[in-house]
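Take the sequence shown: its position 99, counting from 1, is numbered 110 in our numbering, and each next residue is one higher.
Idealized CB from N, CA, C, for every residue including glycine.
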Amino acid sequence: GTFVRSAGSDIAVGERALAAGTFLGPAQLGLLAALGIAEVTVRRPLTVLLATTGDEVLEPGQPLPAGKIYDSNGTLLESAMRQAGLAVVRTAIASDRPEELRALLRSHAGAVDLMVTTGGVSKGAYEVVRQAMEGQAAEFLHVAMQPGGPQGIGTFDGVPFLGFPGNPVSCLVSFEMFLRPVLAELFGSPAPRIPVRARLGHSLSSPEHKHQVRRGTLQGDGTVRLEGGESSHLMHALAGSNALVHVPAGVSALAEGDEVEVWML
């Protein structure tokens, strides 16, 4: 008869339901429940230590004196990391004293799988993360990407370490470009952003020697418009965007209607 769902029409006896390493999202958990499976063996989530640095940085909710800023990096990255399936240990804001940051990292070294810091990785005279990592197996470099050029990578007391820049948009772009793909490849975390092609709704210019990653809004007609300028502190523009727009190195200008690669947020 009609409207009959025969046994095995969804998944047959002996058919693999889920491959090992599959991230268990709503659909995967629903499938397990539909098969009557109450428990499965899983990997524990990776635990990440997340530390924001800077004497000028304050926790939200406090009065804001002149010359100070609120910590948006911690909230931004913690949310992105939890979305990617990580367990996050967030520290108090670290000062600009290298010995204090070093002690803070060392106090957590035996309990986390990865350390991520924000700020203090550029080429200034006083860069707290660079100074705190002296003597460790760490490298600080500048990648051909805007925003997110200054980066740190290595280990601290044997624990993998990443040092992201201090501006909030740079932090998110660094996470999306460098950390999220690794999590997906090694641990089955949610996949990197799937690139799609879109048409520019206006012309743009870009530094020819760098990959530029801009915030944008993808419209229903397949066009994308940039939100805000190039500066990496523009959180309001990021909050109003639904995509990251990639302009590759070697391109200095694009015209309205040209195709670009975008990653949906």
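Which residues DSSP lists as bridging residue i, in chain order
i	result
residue 166	171
residue 127	61, 173
residue 157	223
residue 258	223
residue 275	254
residue 80	68
Under 8 Å between C-beta atoms of residue i and residue j
i	j	result
residue 155	residue 222	yes
residue 65	residue 130	yes
residue 170	residue 123	yes
residue 212	residue 267	yes
residue 178	residue 220	no
residue 59	residue 35	no
residue 61	residue 88	yes
Under the three-state DSSP convention, the category residue i falls into
i	result
residue 102	coil
residue 277	Absent from the model: residue 277. The displayed extent of the chain is 12 to 276, so no value can be given.
residue 147	coil
residue 214	coil
residue 196	helix
residue 89	helix
residue 152	strand
residue 281	Within the shown structure, residues of the chain are numbered from 12 to 276, placing residue 281 beyond reach of any answer.
For residue i, the first and last residue of its enclosing beta strand (DSSP E)
i	result
residue 209	206-211
residue 119	Not the beta strand (DSSP E): residue 119 falls in the alpha helix (DSSP H), residues 109-119.
residue 227	222-229
residue 237	234-237
Limits of the alpha helix (DSSP H) - the one that residue i falls within
i	result
residue 184	179-185
Candidates the options, of which the one nearest residue i by Cα
i	options	result
residue 24	46, 103, 38	46
residue 70	83, 184, 78	83
residue 85	217, 181, 43	181
residue 192	119, 274, 256	274
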